[in-house]
Amino acid sequence: MSQTRPTRVAPVRSTGRPHVVVVGSGFGGLFAAQGLRRADVDITLVSRTSHHLFQPLLYQVATGILSEGDIAPSTREVLNGQPNATVLLGDVTGIDLTARTVTSQVLDGVTVTSYDHLVVAAGAGQSYFGNDEFAEFAPGMKSIDDALELRGRIFGAFELAELAWDEAEVEKLLTFVVVGAGPTGVEMAGQIAELSSQTLRRDFRRIDPTSARVVLLDAAPRVLPGGFGETLGERARARLEKMGVEVQLGSKVVGVDRFGIDVEDGDGTRRRIDSRCKVWAAGVQGSELGRTLAEQSGAELDRAGRVCVEPDLTLPGHPEVHVLGDMASLDRLPGVAQVAIQGGQHTAREIRRSVAGEPTGEPFRYKDKGSMATISRFHAVASVGRVNLSGFVAWVLWLAVHLLYLVGFKNRVTTLLKWTITFLGRGRSERAVTQQQIIARTVIKRTGPRGPAASPAGGGPAPSPEQPSAAQGTDADHASSTTPAEGDDVDQGVHGGRGGEGRADLPVDDDGALTEERHP
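The opening residue of the sequence shown carries number 0 in numbering that gives the first Met the number 0; numbering runs sequentially from there.
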């Protein structure tokens, strides 16, 4: 018998002022809310997570450089000095443009929030280009959970290799494949290479971590295909190859499973790379809320599921609705943090004008502040205007820019300290992993959410943990990703317990690894 969820109407302050609802706590949503700090409005920010995620540094959480708290300050703490802002936890499951309401859900409760102005900055999820089944074995890195899972699988691969007696098995465990040669793929491949060749080289007795194989794959003809230019792309490739990374371009992934990855080269030949740890760093897909907005407004969606917006970032026919960051498609703008930040600031100005009775509709003009990617310790590439930099100078510039945009003074201080430990001392202060980090996503996917919150308001199917959250708040950055063999036995050897301990209710194989249940 189905249970009816209690529905509550979100309290709105009886100030008589216009109510602005912001969906998402990423760059676009947060900067829009902060831009209305002194405006004569009340703001409600609704997000699935309780933190603001600095997504450009997620890969450093995954590789043990930073902790999750360093890049994910509490949204409430960030906005606690803004009296006109209220923060609500909730996964947005519906928007009604006619009634001007936003419906969100958390556990078994549903909340309906009315608005006068709506800012939708729900971000994007990973795109597998029509091969969503790849996600089981190579999930995208769009959240703290993803980064922690990947950390456990990377370090766990070395632990399992130390236990393996078969050299062939050791080789499979120490083969890491990164799919996507954009900024995130380059940064991830470089960090795994440094981790194996420097940080872990003296930590094991039976295996040689420096023998780890790191493969960077992309169907594109060059590294860093967008925003950097051919010269910087070649410099990045040369640096990666000097570090021992195998850069394989013009190679398309056609299959991913627990034990490896199938690749099709440019000449049509297919080959197999045996690997227990895969990282997907290619492609993004707009939030499902984009489709909701398009269906109600008649707006078009581009191939990535982003909403084709008006020049001022509003929804066609709905000047009170603003769509930002990775959810918006306008003038082929890149999906980077600066687009979302500047979009949030522009939207705040437009709402202030509207409240003041001034003309609105000013087109959004993006100011390109350049592109950067770090490759290794003391080495990065940067393209700023007509200036192309590589090496140490670009690396220092990269450090400065990322420290500048980190939210919170204490986050900047702790990040700088940990960078000093990693880049000067070659150590990694965040190497602790747990079994829960590694298998939680798999367990949730296979067992399903518990209780009456299993399906959202309206009786639709429950959102998959792998789908981009409507209010995820990770609304801008280059494509990030994560790894590994879904449910494979990388979880063994990282928690110290007996195989299968504490999870007797889960389907496991002879190795104690989670197995896949198929139903006809």
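Every residue gets a Cβ at the ideal spot worked out from N, C-alpha and C, and that includes glycine.
- Query: So which of 55, 67, 46 and 79 has the shortest CA-CA distance to residue 33?
  - Reply: 79
- Cα-Cα separation between residue 364 and residue 268, rounded to whole angstroms: 45 Å
- Task: Would you list, in sequence order, the uninterrupted beta strand (DSSP E) runs of no fewer than 3 residues that lie entirely inside the stretch 271–351?
- Result: 276–279, 283–285 and 317–322
- Which stretch, first to last residue, makes up the alpha helix (DSSP H) that contains residue 263? Element bounds for residue 263: not the alpha helix (DSSP H) but the beta strand (DSSP E), 259–263.
- Message: According to DSSP, residue 108 sits in a beta bridge with which residue or residues?
- Response: 105
- Query: If you scan the stretch 354–384 from start to end, which runs of the beta strand (DSSP E) of 3 or more residues do you find wholly inside it?
  - Reply: 370–375 and 378–383
- Message: If I measure Cβ to Cβ from residue 163 and keep anything under 7 Å in the same chain, skipping five residues before and after, which residues do I get?
- Response: 169 and 172
- Message: Less than 8 Å between the beta carbons of residue 136 and residue 256, yes or no?
- Response: yes
- In this structure, does DSSP put residue 444 in helix, strand or coil? helix
- Should the stretch 204–219 be called in touch with the stretch 183–196, which here means at least 3 C-beta pairs below 8 Å? yes
- Query: Would you call the stretch 147–159 and the stretch 285–304 in contact, with 3 or more CB pairs under 8 Å?
  - Reply: no
- Message: Which residue marks the beginning of the beta strand (DSSP E) containing residue 42, and which one marks its end?
- Response: 41–46
- Message: By alpha-carbon positions, which one of 179, 381 and 221 ends up nearest to residue 368?
- Response: 381
- On a CA-only basis, which of 51, 52 and 17 is nearest residue 35? Give me that one, please. 17
- Task: May I have the straight-line CA-CA distance separating residue 462 from residue 320, to the nearest angstrom?
- Result: For residue 462, the predicted model reports a pLDDT of 38, less than 50, meaning its position is unreliable; a value from the coordinates is still stated below. About 24 Å.
- Rounded C-alpha distance that separates residue 19 from residue 346: 11 Å
- Query: Taking residue 133 as the reference, which of 252, 431, 403 and 372 has the closest Cα?
  - Reply: 252
- Query: What is the DSSP secondary structure of residue 21, counted as helix, strand or coil?
  - Reply: strand
- Query: Where does the unbroken alpha helix (DSSP H) through residue 241 begin, and where does it stop?
  - Reply: 228–241
- Message: Looking only at its chain, what residues have a beta carbon closer than 8 Å to the beta carbon of residue 230, apart from the 5 residues adjacent to it on each side?
- Response: 387
- So the alpha helix (DSSP H) residue 409 belongs to, where does it begin and stop? 408–424
- Message: Could you check whether residue 114 and residue 101 sit closer than 8 Å to each other, using their CB atoms as the reference points?
- Response: yes
- Query: Mind checking residue 107: buried by the 16 CB within 10 Å criterion, or exposed?
  - Reply: exposed
- Which first and last residues belong to the alpha helix (DSSP H) in which residue 184 is found? 182–193
- Cα-Cα, which of 82, 130, 295 and 243 is closest to residue 174? 243
- Query: By the 10 Å Cβ neighbour count, where 16 or more other Cβ atoms means buried, how is residue 26 classified, buried or exposed?
  - Reply: buried
- Query: Which one of 412, 131, 418 and 237 has the shortest CA to CA distance from residue 376?
  - Reply: 418
- Task: Starting from residue 245, trace the beta strand (DSSP E) both ways and give me its first and last residue.
- Result: 245–248
- Simplified DSSP assignment, three categories, for residue 49: coil
- Query: What are the residues that DSSP puts in a beta bridge with residue 84?
  - Reply: 42
- Query: Taking the C-alpha atoms as reference points, what is the distance between residue 393 and residue 216?
  - Reply: 24 Å
- Tell me, which residues are paired with residue 251 by DSSP? 263
- Item | Per-residue DSSP class, three states only, for residue 209 | helix
- So, helix, strand or coil for residue 123, using DSSP? strand
- In terms of alpha-carbon separation, which member of 46, 177 and 290 lies closest to residue 74? 46
- Contact set for residue 154: own chain, Cβ-Cβ below 8 Å, skip 5 residues either direction: 63, 430, 432 and 493
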